[in-house]
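Going letter by letter, the sequence shown gives residues 2 to 245 in this note's numbering.
Backbone N, C-alpha and C fix where the C-beta goes; we use that ideal spot for every residue, glycine too.
Fair warning: this is a prediction, and the values are worked out from it, not measured in the lab.
Notes to accompany the following structure.
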Amino acid sequence: LDMLGFGIVWSEIEYLTKGELDVLSKLLAKQDTELVRINLVSKLQSKRVLERKVAALGLAQPLLWKKTENYKFVSSFVKGISASRTLTDLQLHGIRLTVESSKVLSEGISEAKSLRSFSIRKSRCGDIIFKWIAKGVASNCAIREVDFSSCMLSDNVRGAVCDVIRNHAEHRNDERWTQSLRDMKPGLNEVDSQIALQGVIALDFSKNVFGDDFAASLAIVLASDIWVGAINLQDNRIREKGIL
């Protein structure tokens, strides 16, 4: 565990004992802290190394791989992030999530109005869990950057991805219209720059299994979007048809 300024960084979370997991849960669940950053990391190691380290703890598998412990842990820190007015960066790298815990996490993300950057990179969560999390991201227009790289996502989530971009764009378009009526001034470049930050501007979907169908859906929603500045689609399965 490292506490850097107003942030918490905990690596190799899969090797926590029951006592350590309880301590971390209580620490993250506190609603009176001023945490700015939370970075929890699970390092993907070989099966042999994993089994050896877990066995040394007297466990058959990592605690967070158990559905009950996973749900309990996520529910705990969601209490903290939902109430936080200072947390801007939430990174859950390689953390295994269940469907039930992803539903709770989605609600927490939706309510975390100070959050600016969110990542579940290398979680290998798959389509179903991502769809739940995407609902929370879509409803929170405070988020500016998201990282869903190496999450085993397929074309089946193209609707959820487009909903995120579309919902954030609609929020900013409405705000832009309101500002133009209020100010009645030609040229809103400075205002537009501020409005652009009221929603997602950078998305990382690299190292998934997206194909041409995903690319086609993404192209349609981006055609009417003026806000998103960067999308990383490296190392997917998009061919020439999808690119064109």
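Between the C-alpha atoms of residue i and residue j, what's the straight-line distance to the nearest angstrom?
i, j, result
"glutamine 195", "lysine 67", "43 Å"
"isoleucine 232", "valine 201", "10 Å"
"proline 187", "leucine 154", "Unreliable placement is indicated for proline 187, whose pLDDT of 47 sits below 50; the coordinate value is still reported in the next sentence. Roughly 43 Å between the two C-alpha positions."
"aspartate 226", "arginine 238", "24 Å"
"aspartate 164", "glutamate 171", "10 Å"
"proline 63", "threonine 18", "9 Å"
"arginine 159", "alanine 57", "42 Å"
"leucine 51", "phenylalanine 206", "27 Å"
"phenylalanine 7", "lysine 48", "34 Å"
"tyrosine 72", "leucine 22", "12 Å"
"arginine 240", "phenylalanine 211", "10 Å"
"arginine 167", "serine 85", "26 Å"
"aspartate 214", "isoleucine 221", "11 Å"
"aspartate 3", "aspartate 90", "Summary for aspartate 3: the model assigns pLDDT 47, below 50, so the residue's position carries little reliability; its value from the coordinates is reported in the next sentence. Roughly 16 Å between the two C-alpha positions."
"leucine 36", "valine 75", "17 Å"
"methionine 185", "valine 10", "Legend: pLDDT at methionine 185 = 48, less than 50; position of this residue unreliable, no value from coordinates given."
"serine 218", "valine 105", "28 Å"
"alanine 113", "glycine 137", "9 Å"
For a test of the three-state rule: what should DSSP assign to residue i, helix, strand or coil?
i, result
"serine 111", "helix"
"valine 55", "helix"
"isoleucine 129", "helix"
"isoleucine 232", "strand"
"glutamate 13", "coil"
"isoleucine 134", "helix"
"glutamate 35", "coil"
"asparagine 71", "helix"
"isoleucine 239", "coil"
"valine 147", "strand"
"glycine 200", "coil"
"valine 42", "strand"
Does the beta-carbon distance from residue i to residue j come in below 8 Å?
i, j, result
"phenylalanine 119", "valine 79", "no"
"serine 111", "threonine 87", "no"
"arginine 173", "alanine 197", "yes"
"glutamine 92", "asparagine 141", "no"
"glycine 109", "leucine 29", "no"
"histidine 94", "valine 24", "no"
"arginine 117", "arginine 145", "yes"
"glutamate 15", "leucine 65", "yes"
Output the boundary residues of the alpha helix (DSSP H) element that contains residue i.
i, result
"alanine 203", "First-last for alanine 203: 203-205, but that is the beta strand (DSSP E), not the alpha helix (DSSP H)."
"aspartate 23", "19-30"
"valine 222", "213-224"
Grab the span of the beta strand (DSSP E) containing residue i for me, first residue to last.
i, result
"isoleucine 121", "Per DSSP, isoleucine 121 belongs to no beta strand (DSSP E) and is neither H nor E."
"aspartate 90", "90-94"
Any heavy atom of the ligand ATP closer than 7 Å to the beta-carbon of residue i?
i, result
"leucine 17", "Absence of the ligand ATP from the depicted structure is noted, as is the absence of any ligand whatsoever, leaving it without description."
> Pairing CB atoms from the stretch 170-181 with CB atoms from the stretch 110-123, are three or more of them under 8 Å?
Replying inline: no
> Are at least three pairs of beta-carbons, each pair with one atom in the stretch 128-138 and one in the stretch 97-104, less than 8 Å apart?
Replying inline: yes
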